[in-house]
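Taken in order, these protein sequences are the chains called A and B.
When you number the first sequence by my numbering, it's gap-free, plus one each residue, and the end is 335.
When you number the second sequence by my numbering, it's gap-free, plus one each residue, and the end is 843.
In this text, a Cβ means the ideal position worked out from N, Cα and C, and glycines have one as well.
Okay, so here's the structure we're looking at.
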Amino acid sequence: MSLEQTAKPSSKSKSSKSGFGLSQHMNELSLFVAIIVLYVVFTSSANGFLSFNNQINILRDAATIGIAAWAATLIIIAGEIDVSVGPMVAFISVVLAFFLQWGAPTPLAFALAIVVGALLGSIAGALRAYCDVPSFVATLGLWSALRGTALFVTDALPVSIGRNDMLDALDRSLFGVPPAAIIMLVLFAAFAFISRKTAFGRSVFAIGGNAHAAFLSGISVSKIRVALFAIAGAMAAISGILLVSRLGSGNATAATGLEFDVIAAVVVGGTSLSGGRGSMLGTLLGVLVITLIGNGLVLLGINPFFQQVVRGLIIVIAVLANIQAIKRSMSRNKG
Amino acid sequence: MTQATNLQPASSPIVASVIGCTRRYPGVLALDNATFQVAAGEVRALLGKNGAGKSTLIRMLTGAEIPDSGSVSINGAELSHAGSGRAQESFEKGVRVVYQELSLVPGMTLAENLFLGRWPRKGGVIQYAEMEAAAAEAMGRLGLDLPPNRLVAGLSPAERQLLEIARVLVGKPTIVILDEPTSSLAAAEAEKVMAAVTRIASEGIAVIYVSHRMNEIRQIAHSATVMRDGRIIDTVDVKGADTREIVRLMLGSEASQAAALENTGSDKVVLEVRDLALAPKLNSVSFALRKGEVLGIAGLLGSGRTELLQSIAGVRRFDAGQLLVDGATVKPGRYKEMLRRGFGYTPESRKEEGIVPLLGVDENTLSTNFSGVSKTGVLSSRMMAEATRRVIDRLHIKAARTDTPIGTLSGGNQQKVVIGRWVYANSRILLLDEPTRGVDVEAKAQIYAIIRQLAAEGRSVIFVSSEIEELPLVCDRVLVLRDGTLQDEFISPNIDQDAVMAACISGH
C-alpha cells in the first residue's frame, strides 16, 4: 500500500511488473541497507557490539519498543496517534504488582492487567470515535493522568512483588533468547497477519485512506477506532508485564519517553503520519534501527545527553532519506 | 423587490471583451471562436449546461487560461502575459470572481476575512480600527449591516456569500463574476444576494452572473448569453425571452432520440417517501419507487437533490416525514440499517467520499462485505480476486489487475467501482448521486447500460442528475425537484428534455 504504487500506471509489460514489486518494497529495502550500515559502523567502532550478550540485549530492548509499536502502526495507519504508551506501561506494571501483592493468582493477575490496559485504551478510543476529541489530545490526557496516578499511589517507589516463579520464568532465556523477544516476534506475526489478511486490518487501511468513503461503504468506523486503542492498551499491558518480570517490581517511573521511541520507529518504518499507508515489516525494521542506535551510542560511551541529540538527528535523517527515495521511485515510475 | 428596470445605457463603455477565442483540450473543443463583451454597470447572465464552456470563458477573463487563438481585453487593454503572470495581470485590471466554494476562515472576524492576507499594517501591527471602518463601508455597499468584529462562524449562508462578494469589492473591481452564487441558498436568502448584485451594478461595475434560476435572472439581469458546445449561441433580452426559447438555445435542436426503454418496473413499491422535509432545503417531498424501476431526479445545483438522497440513505437526518421500506417505517439517520435493508448509496463527490485512493480495486469493491470473501474470518486472496474479477467483468472496469490502486484509474472506471461495490453487496435499492459527473462519454454510456441491466434484474434505482439529456436514456420516470419541492413528473418515453429543463429552471 505504498505511495509509489499510486504513481504506477496500470500497465502490463513484464519488466514493469517486476519493477512494481521492487518499488513497492523500496522503503523496506532502504531500511535494510540502513541497518547493515549501522551494524558495520558500530562493529568497527564500538567494543563488544557484536558479542552474543549485546545482541541479546538489543533483542530485549527491541521487544520493549516493538510490542507497543505493532499496535501503534495500526493506529497511525488509521490516521490517529497514541502518545500514552510510556505511562500506560508504567501504570500497568504498578497495577500488576498490586494485584500480586493482594494475592491474586499470577495468570489471573496477568489477564486482569491486560483487561485494564484495554479498558484504559478504549477510553481514549471512545473519546476519539464518539466525542470527536482528537486522539492526540485524548491520549495526552491519558499520558498525564496515568503517570500521575502511578506516581501518586506509589510515591514513586518500586512496588515489590516478592518471589514469583512465573514472572522469573518470563525473564529467563530460552536457548539464549529472552522470552520478551519471542513474544515480540509472535505478536509481530499476528499483527502482520491481521493487517493484511483480515477485514479488520483492511478496514484500518480504508479508514486511514478515506474515513468518509469507508463509512459509506458500510465499515464500522467508530467501533474500529475504539478497538484500535483498546488493542494498543493491551499491548502496553503486555510490555508492562514484561517490565515487572525484568525488574521484579512495579515501577511508576519506568518507560519514560517510550512513546517517542515507538512513534519514531513507526515513522522511520515508512508509515505515513497522515494515515492510509504503512506496513508492519517497515515498523519491524524501524524498531531495529531505533534500538541499534540507542545500543550503539551507549557502547561508544557517548555522553548520555549528547546521545539524545544524535538520536534525534538520525531519526529525522532516516525519514528524510526515506521520503526522498519514495519520491525518486515515483518520478521514475511516472517517466 | 429588486427590479432592474434600467437597462444600461447604450453608451456604457465595454469593460471586458473576449474576441474570437478558441481553446482546445485533448479531445474537447472547450471554446469555439467565442466572442463575448460586457459593458460597465451591466448585469449579464451566463447560461449553459455542464460542459458548455462557461468555466472556460470565465478562465479566459481571469487569465487562468490562455486562448489558442483570439484575444481578451479588460478595460480596452489586451492581456499580454503568456504565462502564470496573466492571472495577476487580469487581477490588477480589476477582474474578480466569487466561486461556489466559499473561502472564508470561520474563526476570524468579518473584517479580518475581508482583508485576508492584506490587512492594513503599520510596522507589522494590524490597524484594526482602520480595517474595521473600511470593512463596514464595504459591507454597507451590499446592505450587509453587521458588526465587522463578529466572527464569520456565526453567519448564515447568505451572509457568508455576501461577505465573499464584499471581499472582491474591496479592491475596486471593474468586473465581478459570480458563479452560481445562490445555489446553496434558500429562496428568501437568495433575494439578499440579488439585491447586492443590483447595487454593485449601479456603481458601474460589470457583473457576469452564472446561474440557471430563471426567476433570478429575470429579476436582475439585463440580458442573458447562452452557451453550448463551447460556442456563444445567442445573447437575448431576458425580459422578452420565453423560458422554452432559452432552454432550446441551451440544449440545441438535436432530436432527443429517446429510444423507448424496456419497461422493467413492476407494481411492487419498495420505497415510499411521504412528506419528507429537511429545513431549509426540502419541504414535503413525496414519491414512491417501484421494484425494477429507474427513477430520475432532475434538479439544479442547490435544488435539494443531494439532501433528498442523503435523507433517504440515512446519512442525513430529516426533520419530518416518513420513509417506508417494503411498507415498514424506518427511522431517519440510520445508514447502517438502510444498508442491511438492501440499500446502496454512491455519493456525489467521488474523490472525497467515494474511494480510498491508495487501496486496490478489490478492497474498494469488497469493503461493503468483507465476510463474503473470508474463510473463518481470514480474507482469502483467491476469493477476493475472483469476486473482484466478476465485478470488473460485469461493469467493464478497465483495470490491469484486481489490486490496482483505484486512484490510478480514470474517473469513469472509479465510478464503476463505486457502483460495483453495491452490485457485489447485492443491494436491491441503489441511490446514485450524479454517477456520471466527470466521466467520459464512453463510460457514461456504459454506466447507463449497467443501470438498465440492474433494473432488469429487479433492482430499483434512484438516479440523480443535473444533466438533463441523460435522463431520457436511463429513466423510466423523472421527477423534477426545484426549491425543495417536487414540481413535475415525466414518464418514459415522454421525457422531453426541453420540458424537464424548463421545469428545473423556472417556476410556472
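- Residues of the region 672-695 of chain B with a C-beta atom less than 7 Å from some C-beta of chain A are 674, 680, 682, 687, 688, 689, 690, 691, 692, 693 and 694, listed in chain order.
- A residue is called buried once 16 or more other Cβ atoms fall within 10 Å of its Cβ, and residue 166 (chain A), having fewer, is exposed.
- Judged by DSSP in its simplified three-state form, residue 136 (chain A) adopts helix.
- Taken atom to atom, the span from the alpha-carbon of residue 512 (chain B) to that of residue 791 (chain B) is near 46 Å.
- In the structure shown, the three-state DSSP call for residue 476 (chain B) is coil.
- Spanning the alpha carbons of residue 677 (chain B) and residue 247 (chain A) requires a straight line of approximately 57 Å.
- Chain A has no Cβ within less than 8 Å of the Cβ of residue 665 (chain B).
- Secondary structure at residue 413 (chain B): strand, using DSSP grouped into helix, strand and coil.
- Among the CB atoms of chain B, one or more fall inside 8 Å of the CB of residue 205 (chain A).
- Residue-level contact check: residue 218 (chain A) touches chain B, since one or more beta carbons of chain B fall below 8 Å from its beta carbon.
- Distances from the CA of residue 723 (chain B) to each of B:706, B:599 and B:752 were compared; the closest alpha carbon is that of B:752.
- At a beta-carbon threshold of 7 Å, the residues of chain A lying near residue 712 (chain B) are 198, ordered along the chain.
- Distance from the CA of residue 551 (chain B) to the CA of residue 818 (chain B), rounded to the nearest whole angstrom, comes to 13 Å.
- The beta-carbon separation of residue 207 (chain A) and residue 79 (chain A), rounded to 7 Å, stays under the 8 Å limit for a contact.
- About 7 Å separates the Cβ atoms of residue 250 (chain A) and residue 98 (chain A), confirming a contact at the 8 Å cut-off.
- Between residue 363 (chain B) and the set B:770, B:388 and B:820, the nearest pair of CA atoms involves B:388.
- Judged by DSSP secondary structure, residue 823 (chain B) falls within the beta strand (DSSP E) whose first and last residues are 820-826.
- In chain order, 693 make up the part of chain B whose C-beta sits under 8 Å from the C-beta of residue 277 (chain A).
- Straight-line spacing of the CA atoms in residue 784 (chain B) and residue 452 (chain B) works out to 50 Å.
- If you look at residue 543 (chain B), you'll find it in the beta strand (DSSP E) that goes 541-545.
- Interface residue (Cβ-Cβ distance to chain A less than 8 Å): residue 653 (chain B) is not classified as such.
- Beta-bridge partners of residue 670 (chain B) (DSSP): none assigned.
- For residue 799 (chain B), DSSP records a beta bridge to B:632 and B:768.
- Using a CB distance cut-off of 8 Å, residue 25 (chain A) does not count as an interface residue toward chain B.
- In this structure, the alpha-carbon of residue 584 (chain B) lies about 8 Å from that of residue 563 (chain B).
- Interface flag for residue 322 (chain A) against chain B is unset, since no Cβ pair is found closer than 8 Å.
- Residue state for residue 88 (chain A) is assigned as helix, using DSSP reduced to three classes.
- From the beta-carbon of residue 703 (chain B), the residues of chain A found nearer than 9 Å are 217, 218 and 219.
- Within chain A, the C-beta atoms nearer than 9 Å to that of residue 706 (chain B) come from 199, in chain order.
- Remark: C-beta atoms of residue 630 (chain B) and residue 839 (chain B) do not approach each other more closely than 8 Å.
- For the region 384-462 of chain B, the full-length beta strand (DSSP E) segments reaching 3 residues or more read 404-409 and 430-433 along the chain.
- At a cut-off of 8 Å, the C-beta of residue 763 (chain B) has no neighbouring C-beta in chain A.
- Taking the Cα positions, residue 426 (chain B) is about 7 Å away from residue 397 (chain B).
- Separation of residue 612 (chain B) and residue 796 (chain B) (C-alpha to C-alpha, rounded to the nearest whole angstrom) is 21 Å.
- Going by C-alpha positions, residue 94 (chain A) is about 10 Å away from residue 113 (chain A).
- With respect to the 8 Å criterion, residue 758 (chain B) and residue 730 (chain B) are classified as neighbours on the basis of their beta carbons.
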